[in-house]
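Asker:
Numbering (my numbering), first residue to last: 3 to 283.
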């Protein structure tokens, strides 16, 4: 006959055994003096050389390289070439009335980019880019000569030569390059001037910028600068007309009081603008 088994006593727990469970990693307030439990104090940061090796193959294929950032700085309005001082004849077009509103400004800009100075600059930039990529100084100087010769007006010639010389001088000072130095010395020896489009083409080629990216950046910078000039010229003309309108309306005053014009506001304003133009605006 089997003996009945006696129940085992329950294990006793001391106060030392009562330990609170460790919190989850996301609930911890912070590492201790030796870091997290089972972890090192700080992760090891990658070196700049390893980052360059990791990013250079794939990133450069997508076009994100140091040359792209350099080109964005070159073509910005803050680059010291004085682009804000030139309007490519837009101020004269606004003064003559050829550009008077948004539609006429858009039409004028389209003509400049497709058939005017923008088209000529694109051709010169492409020739200079290819010559600079091949390190052909003679072909680069020929592209520069044609770029200056195609600017028949004195104002547009000054626009491209002043910006070209400032651009080339700044690039050589900040980013020395043997091709640009050799080209600049040849221009200086012959007493020639620098075409802005040719200078941009040569510099972008040496920076490793593809030709289509250089053309897109150059034409976008040209268009944005002309839009800025158009807005500024339009605001100036509006303010001038408003000043003449106020002076013409002041002549209707008698005895210090303005005579009330019963006509609608639109007709009254048109009449005041017409009087201001007849007065010599």
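Each residue gets a CB set at the ideal place from its N, CA and C atoms; glycine is no exception.
Around the C-beta of residue 108, are 16 or more other C-beta atoms found within 10 angstroms, so that it is buried, or is it exposed?
Answerer: Counting Cβ neighbours within 10 Å, residue 108 comes out exposed, since fewer than 16 surround it.
Asker: Expressed to the nearest angstrom, what Euclidean distance is found between the alpha-carbon atoms of residue 213 and residue 134?
Answerer: Each residue's Cα considered, the two are about 11 Å apart.
Asker: Going by DSSP, what residue range makes up the alpha helix (DSSP H) through residue 131?
Answerer: Looking at the DSSP string, the run of the alpha helix (DSSP H) that includes residue 131 is 119–135.
Asker: Less than 7 Å between the beta carbons of residue 211 and residue 73, yes or no?
Answerer: Against a cut-off of 7 Å, the Cβ pair of residue 73 and residue 211 comes out as a contact.
Asker: With distances taken between CB atoms, is the gap from residue 170 to residue 196 smaller than 7 Å?
Answerer: Yes, these two residues count as a Cβ contact at 7 Å.
Asker: Would residue 202 pass as an interface residue toward chain C - the criterion being a Cβ-Cβ separation below 7 Å?
Answerer: Chain labels in this structure do not include chain C; a single protein chain is all it has.
Asker: With a 10 Å radius around its C-beta and 16 neighbouring C-beta atoms as the bar for buried, classify residue 59 as buried or exposed.
Answerer: Caution is warranted here: a pLDDT of 47 is assigned to residue 59, below 50, making its placement in the model unreliable, and no coordinate value can be reported.
Asker: For residue 131, tell me which candidate among 215, 183, 68 has the shortest Cα-Cα distance.
Answerer: The shortest Cα separation from residue 131 among 215, 183, 68 belongs to 215.
Asker: Does the distance from the C-beta atom of residue 126 to that of residue 199 stay below 7 Å?
Answerer: Yes; because the gap between Cβ atoms is below 7 Å, this pair is in contact.
Asker: Can you tell me the Cβ-Cβ gap for residue 157 and residue 91, rounded? I've got them flagged as a contact below 8 Å.
Answerer: So it is a contact: roughly 7 Å between Cβ atoms.
Asker: Count the other CB atoms within 10 Å of the CB of residue 231; is the residue buried (16 or more) or exposed (fewer)?
Answerer: Residue 231 comes out buried.
Asker: Closest to residue 69 by C-alpha separation, out of 150, 185, 173, 235, would be which residue?
Answerer: Nearest option by C-alpha distance: 173.
Asker: Excluding the 5 residues flanking residue 235 on each side, which residues of the same chain have their C-beta closer than 6 Å to its C-beta?
Answerer: So the list reads 93, 96, once near-sequence residues are dropped.
Asker: Taking Cβ positions, are residue 219 and residue 77 nearer each other than 7 Å?
Answerer: Taking 7 Å as the Cβ cut-off, residue 219 and residue 77 qualify as a contacting pair.
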